[in-house]
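Please read the structure below before turning to the comments.
Numbering (the working numbering), first residue to last: 169 to 519.
Rendered as C-alpha coordinates:
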(Lines of atoms letter the chains of each structure in order from A and count residues from 1; the text may use other names and numbers.)
(Lines give C-alpha, C1' and ligand atoms only; values in the text may rest on other atoms or scores of the structure.)
Protein backbone atom coordinates (compact mmCIF):
# COMPACT_ATOMS: atom_id res chain seq x y z
CA UNK A 1 0.00 0.00 0.00
CA UNK A 2 2.76 2.44 0.98
CA UNK A 3 4.75 2.02 -2.29
CA UNK A 4 1.55 2.64 -4.30
CA UNK A 5 0.84 5.84 -2.27
CA UNK A 6 4.39 7.08 -2.83
CA UNK A 7 4.03 6.47 -6.57
CA UNK A 8 0.77 8.43 -6.72
CA UNK A 9 2.25 11.37 -4.80
CA UNK A 10 5.31 11.36 -7.07
CA UNK A 11 3.17 11.36 -10.20
CA UNK A 12 1.09 14.28 -8.95
CA UNK A 13 4.25 16.24 -8.15
CA UNK A 14 5.65 15.65 -11.65
CA UNK A 15 2.41 16.83 -13.27
CA UNK A 16 2.30 19.98 -11.16
CA UNK A 17 5.97 20.67 -11.92
CA UNK A 18 5.39 20.27 -15.65
CA UNK A 19 2.44 22.66 -15.53
CA UNK A 20 4.52 25.26 -13.69
CA UNK A 21 7.32 25.05 -16.27
CA UNK A 22 4.83 25.33 -19.13
CA UNK A 23 3.16 28.36 -17.57
CA UNK A 24 6.55 30.00 -17.10
CA UNK A 25 7.49 29.38 -20.73
CA UNK A 26 4.14 30.74 -21.86
CA UNK A 27 4.72 33.90 -19.84
CA UNK A 28 8.17 34.39 -21.39
CA UNK A 29 6.82 33.79 -24.86
CA UNK A 30 4.13 36.39 -24.36
CA UNK A 31 6.57 39.08 -23.17
CA UNK A 32 7.52 40.40 -26.57
CA UNK A 33 4.42 39.71 -28.61
CA UNK A 34 1.80 41.49 -26.54
CA UNK A 35 -0.15 40.54 -23.47
CA UNK A 36 -2.07 37.29 -23.64
CA UNK A 37 -5.06 39.20 -22.25
CA UNK A 38 -4.58 42.49 -24.10
CA UNK A 39 -3.15 44.39 -27.06
CA UNK A 40 0.46 44.93 -28.03
CA UNK A 41 1.93 47.61 -25.79
CA UNK A 42 3.66 50.07 -28.13
CA UNK A 43 5.76 52.93 -26.75
CA UNK A 44 6.53 55.78 -29.17
CA UNK A 45 9.18 58.48 -28.98
CA UNK A 46 7.51 61.84 -28.47
CA UNK A 47 8.56 63.18 -31.89
CA UNK A 48 6.51 60.41 -33.48
CA UNK A 49 3.30 61.18 -31.60
CA UNK A 50 1.35 62.33 -34.68
CA UNK A 51 2.02 59.04 -36.46
CA UNK A 52 1.45 56.91 -33.38
CA UNK A 53 -1.99 58.38 -32.85
CA UNK A 54 -3.05 56.52 -36.00
CA UNK A 55 -1.78 53.21 -34.57
CA UNK A 56 -3.88 53.30 -31.40
CA UNK A 57 -6.79 50.89 -31.15
CA UNK A 58 -7.67 47.27 -31.78
CA UNK A 59 -4.62 45.13 -31.15
CA UNK A 60 -2.31 48.03 -30.28
CA UNK A 61 -2.16 50.20 -27.15
CA UNK A 62 0.03 53.31 -27.53
CA UNK A 63 1.99 55.31 -24.96
CA UNK A 64 4.02 58.39 -26.02
CA UNK A 65 7.01 59.43 -23.96
CA UNK A 66 10.52 60.86 -24.29
CA UNK A 67 13.04 58.49 -25.84
CA UNK A 68 15.23 58.79 -22.75
CA UNK A 69 12.41 57.64 -20.47
CA UNK A 70 11.99 54.42 -22.44
CA UNK A 71 15.72 53.92 -22.92
CA UNK A 72 16.58 54.41 -19.26
CA UNK A 73 13.82 52.01 -18.18
CA UNK A 74 15.00 49.32 -20.59
CA UNK A 75 18.68 49.86 -19.84
CA UNK A 76 18.22 49.57 -16.09
CA UNK A 77 15.41 47.04 -15.77
CA UNK A 78 16.13 43.46 -14.77
CA UNK A 79 12.58 42.16 -14.73
CA UNK A 80 10.02 41.57 -17.43
CA UNK A 81 9.64 44.71 -19.61
CA UNK A 82 6.37 46.60 -19.36
CA UNK A 83 6.21 47.13 -23.13
CA UNK A 84 6.22 44.92 -26.20
CA UNK A 85 7.38 47.28 -28.94
CA UNK A 86 9.27 50.56 -29.20
CA UNK A 87 8.99 52.97 -32.15
CA UNK A 88 11.95 55.29 -31.94
CA UNK A 89 14.86 56.86 -33.80
CA UNK A 90 18.00 54.88 -34.46
CA UNK A 91 20.47 54.27 -32.78
CA UNK A 92 18.70 54.58 -29.42
CA UNK A 93 18.05 50.81 -29.31
CA UNK A 94 21.79 50.20 -29.66
CA UNK A 95 22.43 52.73 -26.88
CA UNK A 96 20.15 50.65 -24.63
CA UNK A 97 21.96 47.40 -25.35
CA UNK A 98 25.38 49.05 -24.94
CA UNK A 99 24.32 50.26 -21.50
CA UNK A 100 23.03 46.81 -20.53
CA UNK A 101 26.24 45.17 -21.75
CA UNK A 102 28.35 47.54 -19.63
CA UNK A 103 26.17 46.67 -16.62
CA UNK A 104 26.52 42.94 -17.28
CA UNK A 105 22.79 42.56 -18.01
CA UNK A 106 21.28 40.27 -20.63
CA UNK A 107 19.98 41.78 -23.90
CA UNK A 108 16.36 42.92 -23.70
CA UNK A 109 15.61 43.94 -27.29
CA UNK A 110 14.68 40.93 -29.40
CA UNK A 111 14.90 42.43 -32.89
CA UNK A 112 15.01 45.75 -34.72
CA UNK A 113 13.21 46.34 -37.99
CA UNK A 114 14.67 47.81 -41.13
CA UNK A 115 14.36 51.58 -41.24
CA UNK A 116 10.64 52.37 -41.63
CA UNK A 117 10.87 56.09 -42.43
CA UNK A 118 13.43 58.87 -42.59
CA UNK A 119 13.58 62.62 -42.19
CA UNK A 120 16.57 64.87 -42.82
CA UNK A 121 17.46 67.33 -40.10
CA UNK A 122 16.88 70.98 -40.94
CA UNK A 123 17.46 74.43 -39.54
CA UNK A 124 14.37 76.64 -39.44
CA UNK A 125 14.99 80.36 -38.95
CA UNK A 126 12.90 83.49 -38.93
CA UNK A 127 13.34 84.79 -42.47
CA UNK A 128 14.69 88.25 -41.60
CA UNK A 129 17.17 86.84 -39.11
CA UNK A 130 18.19 84.09 -41.53
CA UNK A 131 19.35 86.71 -44.05
CA UNK A 132 21.43 88.48 -41.42
CA UNK A 133 22.92 85.26 -40.09
CA UNK A 134 23.77 83.99 -43.58
CA UNK A 135 25.70 87.22 -44.27
CA UNK A 136 27.51 86.86 -40.94
CA UNK A 137 28.38 83.28 -41.91
CA UNK A 138 29.61 84.53 -45.34
CA UNK A 139 27.41 81.94 -47.04
CA UNK A 140 23.99 81.64 -48.64
CA UNK A 141 22.99 79.04 -46.05
CA UNK A 142 22.87 78.83 -42.27
CA UNK A 143 25.16 76.22 -40.71
CA UNK A 144 25.46 75.06 -37.12
CA UNK A 145 29.16 75.96 -36.88
CA UNK A 146 28.25 79.59 -37.53
CA UNK A 147 25.16 79.51 -35.31
CA UNK A 148 27.33 78.34 -32.43
CA UNK A 149 29.91 81.04 -33.16
CA UNK A 150 27.33 83.84 -32.92
CA UNK A 151 24.93 82.36 -30.36
CA UNK A 152 24.20 84.86 -27.61
CA UNK A 153 25.62 87.82 -29.59
CA UNK A 154 23.43 90.83 -30.25
CA UNK A 155 21.70 90.89 -33.60
CA UNK A 156 22.76 94.52 -33.93
CA UNK A 157 26.44 93.46 -33.87
CA UNK A 158 25.72 91.22 -36.87
CA UNK A 159 23.92 93.94 -38.83
CA UNK A 160 20.40 93.10 -37.64
CA UNK A 161 17.73 95.05 -35.81
CA UNK A 162 18.67 95.89 -32.23
CA UNK A 163 15.09 95.18 -31.14
CA UNK A 164 15.67 91.50 -31.92
CA UNK A 165 17.91 91.18 -28.87
CA UNK A 166 20.44 88.37 -28.92
CA UNK A 167 20.85 85.34 -31.21
CA UNK A 168 18.73 82.60 -29.62
CA UNK A 169 19.08 79.12 -31.11
CA UNK A 170 16.98 76.16 -30.03
CA UNK A 171 16.39 72.43 -30.27
CA UNK A 172 14.75 69.73 -28.23
CA UNK A 173 16.75 68.51 -25.26
CA UNK A 174 19.53 66.09 -26.28
CA UNK A 175 19.15 64.52 -22.85
CA UNK A 176 15.56 63.39 -23.38
CA UNK A 177 14.76 63.65 -27.09
CA UNK A 178 15.90 61.29 -29.85
CA UNK A 179 15.82 64.02 -32.51
CA UNK A 180 17.32 66.56 -30.09
CA UNK A 181 20.40 64.36 -29.67
CA UNK A 182 20.60 63.89 -33.45
CA UNK A 183 20.52 67.68 -33.96
CA UNK A 184 23.33 68.09 -31.42
CA UNK A 185 25.37 65.45 -33.26
CA UNK A 186 24.86 67.28 -36.55
CA UNK A 187 25.84 70.59 -34.93
CA UNK A 188 28.98 69.02 -33.48
CA UNK A 189 29.90 67.52 -36.85
CA UNK A 190 29.38 70.95 -38.42
CA UNK A 191 31.86 72.42 -35.95
CA UNK A 192 34.36 69.63 -36.64
CA UNK A 193 33.89 69.92 -40.39
CA UNK A 194 33.39 66.17 -40.79
CA UNK A 195 30.76 63.57 -40.06
CA UNK A 196 32.89 60.79 -38.54
CA UNK A 197 32.87 62.03 -34.96
CA UNK A 198 34.37 59.92 -32.20
CA UNK A 199 34.23 60.21 -28.44
CA UNK A 200 37.77 61.66 -28.48
CA UNK A 201 36.57 64.66 -30.53
CA UNK A 202 34.26 65.61 -27.69
CA UNK A 203 37.18 66.24 -25.33
CA UNK A 204 38.72 68.97 -27.51
CA UNK A 205 38.80 72.19 -25.37
CA UNK A 206 37.96 74.41 -28.37
CA UNK A 207 34.93 72.29 -29.13
CA UNK A 208 33.83 72.43 -25.50
CA UNK A 209 34.02 76.25 -25.58
CA UNK A 210 32.02 76.40 -28.81
CA UNK A 211 29.41 73.97 -27.46
CA UNK A 212 29.12 75.92 -24.22
CA UNK A 213 28.47 79.15 -26.14
CA UNK A 214 25.82 77.43 -28.26
CA UNK A 215 24.00 75.50 -25.55
CA UNK A 216 23.95 78.18 -22.88
CA UNK A 217 22.23 80.46 -25.40
CA UNK A 218 19.38 77.97 -25.94
CA UNK A 219 16.20 78.95 -24.06
CA UNK A 220 14.54 76.01 -22.34
CA UNK A 221 11.73 74.31 -24.23
CA UNK A 222 8.59 73.43 -22.37
CA UNK A 223 8.83 69.81 -21.14
CA UNK A 224 5.94 68.63 -23.33
CA UNK A 225 7.11 70.35 -26.51
CA UNK A 226 7.71 68.03 -29.44
CA UNK A 227 7.78 70.67 -32.19
CA UNK A 228 10.55 73.28 -32.14
CA UNK A 229 8.88 74.98 -35.12
CA UNK A 230 5.70 75.52 -33.12
CA UNK A 231 7.86 77.19 -30.49
CA UNK A 232 9.24 79.59 -33.11
CA UNK A 233 5.75 80.40 -34.38
CA UNK A 234 4.09 80.80 -31.01
CA UNK A 235 6.78 82.39 -28.85
CA UNK A 236 9.10 85.37 -29.51
CA UNK A 237 12.11 83.85 -27.77
CA UNK A 238 13.49 81.68 -30.59
CA UNK A 239 15.25 82.82 -33.74
CA UNK A 240 16.65 79.64 -35.26
CA UNK A 241 15.94 76.00 -34.37
CA UNK A 242 17.11 72.55 -35.38
CA UNK A 243 14.49 69.88 -36.00
CA UNK A 244 13.35 67.27 -38.50
CA UNK A 245 11.99 68.06 -41.93
CA UNK A 246 8.83 66.21 -40.90
CA UNK A 247 8.28 68.60 -38.01
CA UNK A 248 9.02 71.66 -40.15
CA UNK A 249 6.78 70.79 -43.07
CA UNK A 250 3.78 69.46 -41.12
CA UNK A 251 3.84 72.34 -38.62
CA UNK A 252 3.96 74.91 -41.39
CA UNK A 253 1.13 73.14 -43.22
CA UNK A 254 -1.00 73.78 -40.15
CA UNK A 255 -0.03 77.48 -40.25
CA UNK A 256 0.01 78.31 -43.98
CA UNK A 257 -0.19 82.02 -43.35
CA UNK A 258 3.14 81.93 -41.50
CA UNK A 259 5.07 79.98 -44.14
CA UNK A 260 6.74 83.08 -45.59
CA UNK A 261 8.00 84.19 -42.19
CA UNK A 262 10.36 81.23 -41.87
CA UNK A 263 13.20 79.83 -43.98
CA UNK A 264 14.21 76.16 -44.01
CA UNK A 265 17.85 75.15 -44.53
CA UNK A 266 19.44 71.72 -44.95
CA UNK A 267 22.71 72.08 -43.02
CA UNK A 268 25.85 70.07 -43.68
CA UNK A 269 26.92 67.41 -43.05
CA UNK A 270 23.58 65.87 -43.94
CA UNK A 271 22.05 63.87 -41.09
CA UNK A 272 18.76 61.98 -41.10
CA UNK A 273 16.52 60.76 -38.30
CA UNK A 274 15.74 57.12 -39.15
CA UNK A 275 12.75 55.46 -37.47
CA UNK A 276 12.87 51.81 -36.41
CA UNK A 277 10.47 49.43 -34.67
CA UNK A 278 11.95 47.30 -31.90
CA UNK A 279 10.54 44.11 -30.42
CA UNK A 280 11.06 44.07 -26.66
CA UNK A 281 11.34 41.06 -24.42
CA UNK A 282 11.77 38.15 -26.80
CA UNK A 283 8.63 37.74 -28.89
CA UNK A 284 7.96 38.49 -32.53
CA UNK A 285 5.75 41.37 -33.64
CA UNK A 286 3.16 41.06 -36.42
CA UNK A 287 4.43 42.26 -39.80
CA UNK A 288 1.36 44.46 -40.07
CA UNK A 289 2.59 46.68 -37.23
CA UNK A 290 5.66 47.74 -39.18
CA UNK A 291 3.73 48.40 -42.38
CA UNK A 292 1.04 50.31 -40.48
CA UNK A 293 3.72 52.41 -38.79
CA UNK A 294 5.34 53.20 -42.15
CA UNK A 295 2.04 54.46 -43.55
CA UNK A 296 1.32 56.51 -40.45
CA UNK A 297 4.79 58.08 -40.54
CA UNK A 298 4.34 59.00 -44.21
CA UNK A 299 1.13 60.78 -43.29
CA UNK A 300 3.05 62.73 -40.65
CA UNK A 301 5.62 64.08 -43.11
CA UNK A 302 8.30 61.40 -42.84
CA UNK A 303 9.94 60.11 -46.02
CA UNK A 304 9.52 56.54 -47.24
CA UNK A 305 12.75 54.70 -46.53
CA UNK A 306 12.24 52.28 -49.41
CA UNK A 307 11.74 54.70 -52.29
CA UNK A 308 14.82 56.85 -52.07
CA UNK A 309 13.09 59.44 -49.93
CA UNK A 310 10.59 61.55 -51.86
CA UNK A 311 10.24 64.97 -50.18
CA UNK A 312 6.98 65.58 -48.30
CA UNK A 313 4.52 68.25 -49.31
CA UNK A 314 5.75 71.61 -48.10
CA UNK A 315 9.46 70.82 -48.47
CA UNK A 316 11.52 73.80 -49.70
CA UNK A 317 11.77 74.30 -53.46
CA UNK A 318 14.44 75.85 -55.66
CA UNK A 319 13.38 76.81 -59.20
CA UNK A 320 10.32 74.63 -58.68
CA UNK A 321 12.31 71.54 -57.71
CA UNK A 322 12.84 70.11 -54.19
CA UNK A 323 15.95 71.48 -52.53
CA UNK A 324 16.72 67.98 -51.28
CA UNK A 325 15.23 65.46 -53.69
CA UNK A 326 16.88 62.36 -52.23
CA UNK A 327 18.60 61.25 -49.06
CA UNK A 328 22.06 59.77 -48.41
CA UNK A 329 22.42 56.03 -47.97
CA UNK A 330 23.00 56.25 -44.20
CA UNK A 331 21.87 58.53 -41.41
CA UNK A 332 25.26 60.21 -40.98
CA UNK A 333 25.04 59.83 -37.22
CA UNK A 334 28.02 58.59 -35.19
CA UNK A 335 28.01 55.30 -33.30
CA UNK A 336 25.72 54.61 -30.38
CA UNK A 337 28.69 54.87 -28.03
CA UNK A 338 29.66 58.31 -29.36
CA UNK A 339 26.07 59.53 -29.08
CA UNK A 340 25.88 58.33 -25.48
CA UNK A 341 29.14 60.20 -24.77
CA UNK A 342 27.77 63.32 -26.49
CA UNK A 343 24.69 63.16 -24.29
CA UNK A 344 26.93 63.11 -21.20
CA UNK A 345 29.01 66.03 -22.50
CA UNK A 346 25.84 68.06 -23.07
CA UNK A 347 24.74 67.36 -19.49
CA UNK A 348 28.08 68.67 -18.23
CA UNK A 349 27.97 71.80 -20.41
CA UNK A 350 24.50 72.98 -19.41
CA UNK A 351 24.85 72.43 -15.66
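We put the CB at the ideal spot given by N, CA and C, even for glycine.
* Asked: Are the CB atoms of residue 510 and residue 353 nearer to each other than 9 Å?
  -> Residue 510 sits at position 342 when you count from the first residue of the chain shown. Residue 353 sits at position 185 when you count from the first residue of the chain shown. Yes; because the gap between Cβ atoms is below 9 Å, this pair is in contact.
* Assign residue 307 to one of three DSSP states: helix, strand, or coil. => On the chain shown, position 139 is the one that residue 307 refers to. Coil, per DSSP.
* **Sequence ranges, beta strand (DSSP E) only - wholly within the stretch 242-315, length at least 3** => 253-257, 277-280 and 285-294
* Tell me, to the nearest whole angstrom, how far the beta carbon of residue 235 is from that of residue 473; I am working on the premise that it is less than 8 Å. => Against the chain shown, residue 235 aligns to sequence position 67. Against the chain shown, residue 473 aligns to sequence position 305. Actually they are not in contact, since the Cβ atoms of residue 235 and residue 473 sit about 19 Å apart, beyond 8 Å.
* To do: Just the C-alpha distance for residue 507 and residue 425, rounded to the nearest angstrom, thanks.
  => Here residue 507 is taken as the residue at index 339 of the chain shown, counted from 1. Here residue 425 is taken as the residue at index 257 of the chain shown, counted from 1. Between residue 507 and residue 425, the C-alpha separation is close to 37 Å.
* Give me the Cα-Cα distance between residue 280 and residue 493, rounded to the nearest whole angstrom. => Taking the chain shown and counting its residues from 1, the one referred to as residue 280 is at position 112. Taking the chain shown and counting its residues from 1, the one referred to as residue 493 is at position 325. Looking at the two C-alpha atoms, the distance is approximately 27 Å.
* What are the start and end residues of the beta strand (DSSP E) that includes residue 412? -> Counting from one through the chain shown, the residue named residue 412 turns up at place 244. Run containing residue 412: 408-412, per the beta strand (DSSP E) assignment.
* To do: Pull up the distance between the alpha-carbon of residue 412 and that of residue 350, whole angstroms please.
  => Position 244 of the chain shown, counted from the first residue, corresponds to residue 412. Position 182 of the chain shown, counted from the first residue, corresponds to residue 350. Cα to Cα, residue 412 sits roughly 9 Å from residue 350.
* Asked: When DSSP labels each residue in this structure, what does residue 218 get in the three-state scheme?
  -> Taking the first residue of the chain shown as position 1, residue 218 is located at position 50. Note: residue 218 maps to helix in three-state DSSP.
* According to DSSP, which residues form a beta bridge with residue 441? -> The sequence position of residue 441 within the chain shown is 273, counting from 1. Residue 441 is bridged to 287.
* Please work out which residues of its chain come closer than 8 Å, Cβ to Cβ, to residue 342, disregarding the five sequence neighbours upstream and downstream, and give them in chain order. => Translated into the one-based positions of the chain shown, residue 342 becomes position 174. Here the set comprises 348, 349, 351, 352, 510, 511 and 514.
* Pick from 283, 484 and 345 that is closest to residue 462, judged by C-alpha positions -> One-based indexing of the chain shown puts residue 462 at position 294. It is 283.
* Note the first and the last residue of the continuous beta strand (DSSP E) segment covering residue 224. => As a position in the chain shown, residue 224 is number 56, starting the count at 1. Element bounds for residue 224: n/a, residue is neither H nor E.
* Going by alpha carbons, who is nearest to residue 295 out of 289, 288, 287 and 308? -> Position 127 of the chain shown, counted from the first residue, corresponds to residue 295. Among 289, 288, 287 and 308, the Cα nearest to that of residue 295 belongs to 308.
* Asked: Near residue 332, what residues of its chain come up, given a Cβ to Cβ distance below 6 Å and the 5 sequence neighbours on each side ignored?
  -> Counting from 1 along the chain shown, the entry for residue 332 is found at position 164. Closer than 6 Å at Cβ, skipping near neighbours: 323.
* **Cβ-based neighbour list, residue 360, same chain, cut-off 8 Å, excluding 5 preceding and 5 following** => Position 192 of the chain shown holds residue 360. Result list for residue 360: 369 and 375, in chain order.
* Asked: Starting from residue 209 and walking both ways along the beta strand (DSSP E), at which residues does that stretch end?
  -> To locate residue 209, count along the chain shown from 1; it is residue 41. Its beta strand (DSSP E) spans residues 208-213.
* Compare the Cα-Cα distances from residue 335 to each of 344, 311 and 297 and report the closest residue. => Against the chain shown, residue 335 aligns to sequence position 167. The residue with the shortest Cα to Cα distance from residue 335 is 297.
* Please state if the CB of residue 418 and the CB of residue 495 are separated by a distance shorter than 9 Å. => In the chain shown, residue 495 corresponds to position 327, counting from 1. In the chain shown, residue 418 corresponds to position 250, counting from 1. No. Outside cutoff.
* Please say whether residue 421 and residue 482 have beta carbons closer to each other than 9 Å? => Start at 1 with the first residue of the chain shown, and residue 482 comes out as number 314. Start at 1 with the first residue of the chain shown, and residue 421 comes out as number 253. A contact, by the Cβ cut-off of 9 Å.
* To do: Report yes if the CB atom of residue 533 is closer than 9 Å to the CB atom of residue 255, and no otherwise.
  => The shown model of the chain, from 169 to 519, leaves out residue 533, and the question about it has no answer.
* To do: To the nearest angstrom, report how far apart residue 365 and residue 228 are at their CA atoms.
  => The residue given as residue 365 occupies position 197 in the chain shown. The residue given as residue 228 occupies position 60 in the chain shown. Taking the straight line from one Cα to the other gives about 38 Å.
* **Distance, residue 396 Cα to residue 243 Cα** => Taking the first residue of the chain shown as 1, we reach residue 243 at position 75. Taking the first residue of the chain shown as 1, we reach residue 396 at position 228. When rounded, the distance between both Cα atoms is 28 Å.
* Buried or exposed: where does residue 358 fall if 16 or more other Cβ atoms within 10 Å of its Cβ makes it buried? -> In the chain shown, counting from the first residue as 1, residue 358 sits at position 190. So residue 358 counts as buried.
* Asked: Sorted by chain position, which residues of the same chain lie with C-beta nearer than 8 Å to residue 428's C-beta, five sequence neighbours on each side aside?
  -> Looking up residue 428 in the chain shown gives position 260. The residues are 295.
* To do: Keeping to the same chain, check which residues put their C-beta closer than 8 Å to that of residue 385; ignore five residues upstream and five downstream.
  => Your numbering for residue 385 matches position 217 in the chain shown. Here the set comprises 319, 320, 334, 335, 336 and 337.
* Taking residue 290 as the reference, which of 409, 346 and 404 has the closest Cα? -> For the purposes of this step, residue 290 is identified with residue 122 of the chain shown, where counting begins at 1. Ranking the options by Cα distance to residue 290, first place goes to 409.
* To do: State the Cα-Cα distance for the pair residue 275 and residue 503, rounded to the nearest angstrom.
  => Sequence index remark: in the chain shown, residue 275 carries index 107 (1-based). Sequence index remark: in the chain shown, residue 503 carries index 335 (1-based). Whole-angstrom Cα-Cα distance: 18 Å.
* **residue 288 versus residue 230 - alpha carbon distance** => The residue labelled residue 288 in the question sits at position 120 within the chain shown. The residue labelled residue 230 in the question sits at position 62 within the chain shown. Distance between the alpha carbons of residue 288 and residue 230: 25 Å.
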